[in-house]
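Trainee: Numbering (this note's numbering), first residue to last: 86 to 289.
Every residue gets a Cβ at the ideal spot worked out from N, C-alpha and C, and that includes glycine.
The structure is reproduced here in structure tokens:
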């Protein structure tokens, strides 16, 4: 097979994996914010990669992307993507309610540092539960953080993922805490051999 053909059983398994990983991620988010964080029911879907930017306001919308590369028994990458308007409240919470400014030349280093920490914790929690589920070792890289237009941020995983399929597993999550609602999207992108390892481990 040149590309991995996902049937309904594969998709159902990936949806379950997405839900479990996201629930662990929101628990970790609650810890770093030191406040209760709820989660809406994750929406997991398989979409064309070219459609991903539509979920965050379009190709030219400004978004924050947090990317980690995966190695070990599973290789590939995972990305957390959120609109700038959703990212600001999160960073503000991390800085004790102080508003942060994304304007000007580049993003404030403190903002990028905070987002990197969020990405590290969210990815670590998600991948830890995923690794436990399939009983494999997964090592995430240090997160790469960027604030840019959606089409620019998605270009890196698009090039890599295009070698496997023109579809991507998109997991929409809404984190809720008081008056703060943050919508984000996890993109889980294993390489071809890792897809086979995942499904084999889960008996599919």
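1) With burial defined as no fewer than 16 other Cβ atoms inside 10 Å of the residue's Cβ, what is the status of residue 94: buried or exposed?
2) Let me check one thing: in DSSP terms, what residues is residue 271 bridge-paired to?
3) Residue range of the beta strand (DSSP E) that residue 149 falls in?
4) Taking only three categories from DSSP, how would you classify residue 209?
5) Give the single residue among 229, 205, 278, 287 whose Cα lies nearest to the Cα of residue 117.
6) What's the gap between the Cα of residue 241 and the Cα of residue 134?
7) Evaluate residue 226 with the Cβ neighbour count: other Cβ atoms within 10 Å of its Cβ, from every protein chain shown; 16 or more gives buried, anything less gives exposed.
8) Residue 151: buried (16+ other C-beta within 10 angstroms of its C-beta) or exposed?
9) Please go through the segment 210-239 and give each complete beta strand (DSSP E) segment of 3 or more residues, from N-terminal end onward.
10) Excluding the 5 residues preceding and the 5 following residue 239 in the sequence, name in chain order all residues of the same chain whose CB lies nearer than 7 angstroms to its CB.
11) Around the Cβ of residue 141, are there at least 16 other Cβ atoms within 10 angstroms (buried) or fewer (exposed)?
12) Give me the residue from 167, 261, 163 with the minimum Cα distance to residue 272.
13) Any idea if residue 143 is buried or exposed, counting beta-carbon neighbours within 10 angstroms, 16 or more meaning buried?
14) Going by beta carbon distance, what residues of the same chain come within less than 6 angstroms of residue 99, once the five residues before and after it are set aside?
15) Looking at the strands, I want to know which residues DSSP matches up with residue 124.
16) Leaving out the 5 sequence neighbours to the left and right, which residues in its chain are closer than 6 angstroms to residue 167 when beta-carbon positions are compared?
17) Mind checking which residues open and close the alpha helix (DSSP H) that includes residue 113?
18) Sorted by chain position, which residues of the same chain lie with C-beta nearer than 6 angstroms to residue 210's C-beta, five sequence neighbours on each side aside?
Mentor: Put simply:
1) exposed
2) 165, 256
3) 147-157
4) helix
5) With respect to the C-alpha of residue 117, the residue from 229, 205, 278, 287 having the closest C-alpha is 205.
6) Per the coordinates, the alpha-carbon of residue 241 lies some 12 angstroms from the alpha-carbon of residue 134.
7) exposed
8) Its Cβ being crowded by 16 or more others within 10 Å, residue 151 is buried.
9) 223-225, 229-234
10) 137, 138
11) buried
12) 163
13) Exposed, because fewer than 16 other Cβ atoms sit within 10 Å of the Cβ of residue 143.
14) 254
15) 260
16) Only 149, 269 meet the Cβ criterion.
17) 93-118
18) Within the same chain, residue 210 has close Cβ partners 109, 110, 113.
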